[in-house]
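Peer 1: Note that my numbering numbers the sequence shown so that position 259 is 279, with each residue one more than the last. We treat Cβ as the ideally placed atom computed from N, Cα and C, and that holds for glycine. Note that this is a predicted model, so its numbers are computed, not measured. The following block contains the structure, expressed as structure tokens.
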Amino acid sequence: MEKVYAKLYYQNGKLVPETLERHTENLLKELERIKGLYGKELKDIGTTDNFWNALKIACLFHDLGKVSSHFQKKIKKYLNEPEKIPSDLDKEIPHNYLSGIFLYVPEIKGTITKGYFNYILFSVLFHHHRKIDFSQEYFLKVIEKDIKNKIDTLKWLKKYRFFISDIPSDKADILYKKIESFYFNSPKIKNIKKDKTFILLKGLLHRLDHSASAHLSVEENRISNVEEKLLSYLSKKENFKGLKPFQKKAKEQRNKNVLLTASTGIGKTEFAINWIGEDKAFYTLPVRVSVNAMYERFINVFKEDQEKIGLLHSDALFYGIRENEKIDDLLSIEEHVIKTQATRQFSMPITITTADQLFTSVFKYPGYEKIYATLMYSKIVLDEPQSYSPDTLAVIIKGLQEITYYGGKFCFMSATIHPFINEYLKNYAEELEPVFSDEKKHKIKLEDKTINEFSNDMISQFNQSKKVLVITNTVKKAQELFKFLKDNKNLNVKLLHSLFIQRDKKEKEEQIKNPCEPVIWISTQLVEASLDIDYDILFTEISTLDSLIQRMGRIYRKSGRIIDKNDNPNIIIATQEPSDKGKIYSKEIVKLTLEALKKYNLKILTESMKQELMKEVYNEEKIKETKFYLDFKKYMKLLDAGFEADTKGEAQQLFREILNINVIPEKVYQKNIDEIEKAIEVALDKEKKYSEKIQAFYTLNKFTVSISLYKLKNIIPTKITPEKFRKKIFTINFPYDVSLGLIIENKNVENIL
Numbered sequence: 021m022e023k024v025y026a027k028l029y030y031q032n033g034k035l036v037p038e039t040l041e042r043h044t045e046n047l048l049k050e051l052e053r054i055k056g057l058y059g060k061e062l063k064d065i066g067t068t069d070n071f072w073n074a075l076k077i078a079c080l081f082h083d084l085g086k087v088s089s090h091f092q093k094k095i096k097k098y099l100n101e102p103e104k105i106p107s108d109l110d111k112e113i114p115h116n117y118l119s120g121i122f123l124y125v126p127e128i129k130g131t132i133t134k135g136y137f138n139y140i141l142f143s144v145l146f147h148h149h150r151k152i153d154f155s156q157e158y159f160l161k162v163i164e165k166d167i168k169n170k171i172d173t174l175k176w177l178k179k180y181r182f183f184i185s186d187i188p189s190d191k192a193d194i195l196y197k198k199i200e201s202f203y204f205n206s207p208k209i210k211n212i213k214k215d216k217t218f219i220l221l222k223g224l225l226h227r228l229d230h231s232a233s234a235h236l237s238v239e240e241n242r243i244s245n246v247e248e249k250l251l252s253y254l255s256k257k258e259n260f261k262g263l264k265p266f267q268k269k270a271k272e273q274r275n276k277n278v279l280l281t282a283s284t285g286i287g288k289t290e291f292a293i294n295w296i297g298e299d300k301a302f303y304t305l306p307v308r309v310s311v312n313a314m315y316e317r318f319i320n321v322f323k324e325d326q327e328k329i330g331l332l333h334s335d336a337l338f339y340g341i342r343e344n345e346k347i348d349d350l351l352s353i354e355e356h357v358i359k360t361q362a363t364r365q366f367s368m369p370i371t372i373t374t375a376d377q378l379f380t381s382v383f384k385y386p387g388y389e390k391i392y393a394t395l396m397y398s399k400i401v402l403d404e405p406q407s408y409s410p411d412t413l414a415v416i417i418k419g420l421q422e423i424t425y426y427g428g429k430f431c432f433m434s435a436t437i438h439p440f441i442n443e444y445l446k447n448y449a450e451e452l453e454p455v456f457s458d459e460k461k462h463k464i465k466l467e468d469k470t471i472n473e474f475s476n477d478m479i480s481q482f483n484q485s486k487k488v489l490v491i492t493n494t495v496k497k498a499q500e501l502f503k504f505l506k507d508n509k510n511l512n513v514k515l516l517h518s519l520f521i522q523r524d525k526k527e528k529e530e531q532i533k534n535p536c537e538p539v540i541w542i543s544t545q546l547v548e549a550s551l552d553i554d555y556d557i558l559f560t561e562i563s564t565l566d567s568l569i570q571r572m573g574r575i576y577r578k579s580g581r582i583i584d585k586n587d588n589p590n591i592i593i594a595t596q597e598p599s600d601k602g603k604i605y606s607k608e609i610v611k612l613t614l615e616a617l618k619k620y621n622l623k624i625l626t627e628s629m630k631q632e633l634m635k636e637v638y639n640e641e642k643i644k645e646t647k648f649y650l651d652f653k654k655y656m657k658l659l660d661a662g663f664e665a666d667t668k669g670e671a672q673q674l675f676r677e678i679l680n681i682n683v684i685p686e687k688v689y690q691k692n693i694d695e696i697e698k699a700i701e702v703a704l705d706k707e708k709k710y711s712e713k714i715q716a717f718y719t720l721n722k723f724t725v726s727i728s729l730y731k732l733k734n735i736i737p738t739k740i741t742p743e744k745f746r747k748k749i750f751t752i753n754f755p756y757d758v759s760l761g762l763i764i765e766n767k768n769v770e771n772i773l
């Protein structure tokens with residue numbers, strides 16, 4: 021019997037064909053796996069035997085359109101096998117649209133439970149989103165002249181008790197109209213698109229198809245005995261006396277959505293782990309540095325199960341190789357690549373990720389159901405959400421509301437939850453009793469000075485053998501202050517911000533976590549909620565209250581470090597001329613923050629006082645006319661109206677502060693030209709193994725700086741970069757210094773970085 025191929029895939033560096041029968045078998049095997057691992061959770065949200073039967077039919081029929089001669093010819097030309105295309109059929113119709121006709125075969129349609137036919141049909145038709153660039157007449161012609169003649173190649177369906185005797189070409193017109201109605205979002209289709217059963221069916225079909233195509237498990241085994249492993253990890257820490265009461269209570273809250281306000285360093289992460297239990301979960305943080313640090317923490321908690329902890333963000337692949345680079349072993353890289361691919365398919369029981377990887381799905385781009393279906397039986401932890409812009413915050417809130425409606429669960433936790441966020445989520449989650457440390461750690465001092473005017477005070481603290489932390493609102497200001505202090509030859513002063521190449525940034529992140537005393541570290545909001553550091557005194561520019569509280573959390577962080585009322589202040593806030601000029605932090609909210617803090621000047625600020633300040637500053641009545649709140653409300657209104665993105669790329673742009681591109685500073689390029697050009701050569705060599713290519717990409721990546729595409733897309737020169745590589749890595753003609761980082765000289769952007 022003539023072989024029908026579904027795809028080609030790489031095996032040991034060579035293209036290998038896979039038959040349609042084998043690919044379908046792989047989907048059904050993964051279907052049983054997901055049902056076995058998470059059937060109970062899916063049953064709890066309403067799935068029945070009818071649902072699983074419908075999903076099985078969708079799996080069996082989703083790719084049958086690949087019998088098309090056009091599709092087979094594309095694959096067979098690589099295998100040097102013949103395939104004749106019938107005359108007059110000059111254009112290929114996407115296989116997903118052709119697959120739909122098989123569901124109209126009377127013997128097939130008759131087996132489908134009432135009410136499920138359209139769910140199965142549209143899931144199959146749109147498991148890929150392709151243009152409709154063919155006419156109704158041509159569609160019928162292809163079915164009659166080509167697809168009808170391929171029935172004999174599908175005899176293997178008999179083992180699943182399906183038999184196709186003929187293709188009902190008289191249904192082609194109906195099918196074509198159905199394709200158009202879904203593609204063009206006709207009113208009668210909208211209810212189907214929002215239906216929970218349809219989203220779950222289509223989303224799981226996407227996941228099963230993607231996992232089977234990648235030859236990966238759709239779901240890895242769960243992590244068992246989570247609480248025992250957490251306790252075992254914590255017991256190795258000094259002065260551990262068991263879980264705190266609020267951490268123990270997490271177990272009782274496992275079936276609920278929760279809002280937790282708790283002091284920095286008090287143990288929110290341990291609460292979240294106990295709340296997750298043995299369920300599937302996604303732990304989100306605002307920035308990659310935070311995500312990487314949390315990933316390391318989870319790896320340490322679950323040492324025996326570390327292969328079940330996934331890391332998901334745009335640079336995750338390179339991060340893992342960085343951890344393995346001492347081994348210099350292509351096999352270890354290949355194993356890591358497989359794990360990264362599995363994480364991208366959401367296969368891991370716990371995934372640590374940036375929020376954009378999940379919440380771009382709120383824009384309902386084609387294929388978003390893959391994420392929503394997964395979240396229906398998962399838990400999401402939102403950690404430190406105060407760093408998000410108002411529009412991003414609106415997307416996250418909308419996502420949590422919808423995911424709750426479909427059956428998922430979330431834990432929203434921070435030291436600084438905005439009170440108005442609680443208002444938006446109060447009908448979706450239980451607000452837990454706030455948990456505050458009773459240790460007195462921070463005494464503040466407000467001064468009508470710029471951050472530069474504190475230079476002598478910083479030097480004085482350094483001379484007293486203190487670990488000094490300085491946080492500015494912009495990279496430019498941090499660089500300026502660093503240059504000024506560096507001129508004092510006796511100072512140990514260092515700089516960390518987002519505009520260092522990956523190699524230098526990684527080194528500096530390790531240094532700031534393990535400082536040699538005394539030292540002055542100058543940084544930006546990068547350290548607010550990402551790095552676990554403990555310094556003696558903070559000098560900071562004024563910013564919004566939530567940001568300031570996070571900055572304070574880097575001072576006297578460790579348990580037992582307290583401040584007395586007679587001690588000098590350890591939080592010094594420069595209130596004049598903040599360097600962001602209102603472009604990063606809302607001027608109106610900064611003003612409200614300053615007014616609220618004045619009554620605590622030269623006083624100890626306890627954790628409970630900080631929360632009272634949050635309620636005061638972010639009171640909805642007070643902030644309702646601020647740009648921050650108006651932007652938030654505007655975006656919520658847009659999302660409530662059902663705004664959708666046409667593509668995943670557009671959805672990512674709407675999440676714009678997270679959409680970055682990698683650039684190599686020209687000076688770095690010239691200095692490392694041999695290593696970079698060799699890496700580019702390997703990356704573009706089709707004969708090289710995948711693991712070698714990935715290692716080459718890692719080499720390139722360590723020379724890159726990650727910059728917001730939204731901010732810089734119009735000013736990036738790419739003359740040096742090879743033509744084929746320009747979509748991956750750019751070169752940029754701005755100065756770079758290993759101590760200062762990338763120096764942005766363009767007047768259009770210097771104030772927003």
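1) Quick check: what's the CA-CA separation for Thr424 versus Ile296?
2) Once DSSP output is grouped into helix, strand and coil, what is the label at Ile591?
3) Using CA coordinates, which residue listed in Met634, Asp411, Pro207 and Lys384 is at the minimum distance from Gly223?
4) So is His235 buried or exposed if we call it buried at 16+ other beta carbons inside 10 Å?
5) Between the region 302-319 and the region 278-286, are three or more C-beta pairs nearer than 8 Å?
6) Would you please state the rounded distance, in angstroms, between the beta carbons of Val683 and Val725? I believe it to be under 8 Å.
7) List the whole-angstrom C-beta distance separating Phe379 from Ile471, where the pair is believed to meet the contact cut-off of C-beta under 8 Å.
8) Name the residue from Ser475, Gly580 and Glu453 whose alpha carbon lies nearest to the alpha carbon of Ala594.
9) Using a Cβ-Cβ cut-off of 6 Å (strictly less than) and excluding sequence neighbours within five positions of Pro106, which residues of its own chain qualify?
10) Apart from the five residues just before and just after Gln377, which ones in its own chain have a Cβ nearer than 6 Å to its Cβ?
11) DSSP state of Ala301, grouped into three classes?
12) Have a look at Lys623 and Met478 and give me their C-alpha separation to the nearest angstrom.
13) In the structure shown, what three-state DSSP assignment does Lys257 receive?
14) In whole angstroms, give me the CA-to-CA distance for Ser398 and Lys328.
15) Going by Cα to Cα distance, which pick from Pro589, His149 and Asp584 is closest to Met572?
16) Which residues does DSSP list as the beta-bridge partners of Lys465?
17) Is DSSP giving Lys210 helix, strand or coil here?
18) Considering only the alpha carbon of each residue, which of Asn534, Ile700 and Ser381 lies closest to Gly662?
19) Could you tell me the distance, in whole angstroms, from the CA atom of Val539 to the CA atom of Lys288?
20) Would you check if there are 3 or more beta carbon pairs closer than 8 Å linking the region 137-145 to the region 74-86?
21) By alpha-carbon positions, which one of His438, Lys722, Lys214 and Asp153 ends up nearest to Glu664?
22) Which stretch, first to last residue, makes up the beta strand (DSSP E) that contains Thr667?
23) Could you check how far apart the C-beta atoms of Gln406 and Thr436 are, in whole angstroms? I think they sit under 8 Å.
24) Excluding the 5 residues flanking Ala232 on each side, which residues of the same chain have their C-beta closer than 7 Å to its C-beta?
25) Quick check: Glu38 and Lys23, are their CB atoms within less than 7 Å of each other?
26) Just to confirm before moving on: does the CB-CB distance between Pro386 and Asn493 stay below 7 Å?
27) Spatial neighbours of Val415 within its chain, please: CB distance less than 6 Å, with the 5 preceding and 5 following residues excluded, ordered by chain position.
28) What is the DSSP secondary structure of Met478, counted as helix, strand or coil?
29) What is the residue span of the alpha helix (DSSP H) that Ala313 lies within?
30) What are the boundary residues of the beta strand (DSSP E) that Met433 is part of?
31) Are the beta-carbon atoms belonging to Asn277 and Lys429 less than 7 Å from one another?
32) Could you pull the start and end residues of the alpha helix (DSSP H) that Pro188 belongs to?
33) Counting along the chain, where does the alpha helix (DSSP H) carrying Glu695 start and finish?
34) Can you tell me the Cα-Cα spacing of Asp660 and Thr646, whole angstroms?
35) May I ask you to verify whether the region 62-77 touches the region 241-257, counting CB pairs closer than 8 Å and requiring at least 3?
36) Within 10 Å of its beta-carbon, does Val815 have 16 or more other beta-carbons around it, so buried, or fewer, so exposed?
Peer 2: Put simply:
1) 16 Å
2) strand
3) Lys384
4) exposed
5) no
6) 5 Å
7) So it is not a contact: roughly 34 Å between Cβ atoms.
8) Ser475
9) Lys165 and Asp166
10) Leu332
11) strand
12) 20 Å
13) coil
14) 15 Å
15) Pro589
16) Ile592
17) In the structure shown, Lys210 sits in a helix (DSSP, three-state: H, G or I).
18) Ser381
19) 29 Å
20) yes
21) Of His438, Lys722, Lys214 and Asp153, the smallest CA-CA separation from Glu664 is found for Lys214.
22) No beta strand (DSSP E) contains Thr667, which DSSP labels as neither H nor E.
23) 5 Å
24) His43, Asn46, Leu47 and Glu50
25) no
26) no
27) Phe379 and Val382
28) Here Met478 sits in helix by DSSP.
29) Arg308 to Val321
30) Unbroken beta strand (DSSP E) run through Met433: Lys429 to Ser434.
31) yes
32) Per DSSP, Pro188 belongs to no alpha helix (DSSP H) and is neither H nor E.
33) Ile693 to Leu704
34) 21 Å
35) no
36) Within the shown structure, residues of the chain are numbered from 21 to 773, placing residue 815 beyond reach of any answer.
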